[in-house]
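Here the structure is laid out as C-alpha cells; the discussion comes afterwards.
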Amino acid sequence: MKVLVVEPLKECYAKEIGGLEEMQALVGGYIQAVYPFEDPVAVVCNEEGKNLCLPFNRPLLDEHGLPYDIICGTFFVAGLGAEDFASLTDEQVQKYKAIFDSVMVISAPKKEKNTPQRRTTHER
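Each residue of the sequence shown is one higher than the last, beginning at 1 in full-length UniProt numbering.
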C-alpha cells in the first residue's frame, strides 16, 4: 500500500509498505491511528511516541491553523478502506505532502537557570 512517510525535520515521501510488521518498523513500535482530517485517511504513529520522548515531528492544527497536538517520532499517512488501511491516491499524497512539508516542529534543548557547569577536565 502506498503511504506518505513523515520523519522529523525531513521532507515527506511516498513509500510502498506491507503489513503490520512493516508499519510497526516504520514508526518504531506499536501503531496508533488518529483521524484529524475529514478525508478518509489515518495518521499512523507510535502509540508511545510521547512517553518514549521520541523527537517532535509535526503539529496537528485546528480549523484556525492553531496547533492542538504534536506528533512525536516518524509517522505515516494512509488511506482508509472498508476495514483496514489502504493506499493513498496520488492526489492524497500531494495534498498531505503539501500540508506536512509546510510546517515542522524544531525543538531546542532547555537551558536550566543557575545550574552549575560541569567541568570537562580535572583540576589538580
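We put the CB at the ideal spot given by N, CA and C, even for glycine.
Small disclaimer: the values here were computed from a predicted structure and weren't measured.
- When DSSP states are grouped into helix, strand and coil, I70 belongs to the strand group.
- Taken through DSSP and simplified to helix, strand or coil, F37 comes out as coil.
- L60 carries a strand assignment under DSSP once its states are collapsed to helix, strand and coil.
- Nearest Cα to K15 within the set C72, L88, M104, D101: L88.
- For G79, the beta-bridge partners assigned by DSSP are V41, A86.
- In this structure, DSSP gives V5 an extended state, which the three-state scheme calls strand.
- Taking every protein chain shown into account, the CB of Q94 has fewer than 16 other CB atoms within 10 angstroms, so this residue is exposed.
- With contacts defined by Cβ atoms closer than 8 Å, K97 and C45 do not form a contacting pair.
- Shown here, K95 sits in a helix according to DSSP, grouped into three states.
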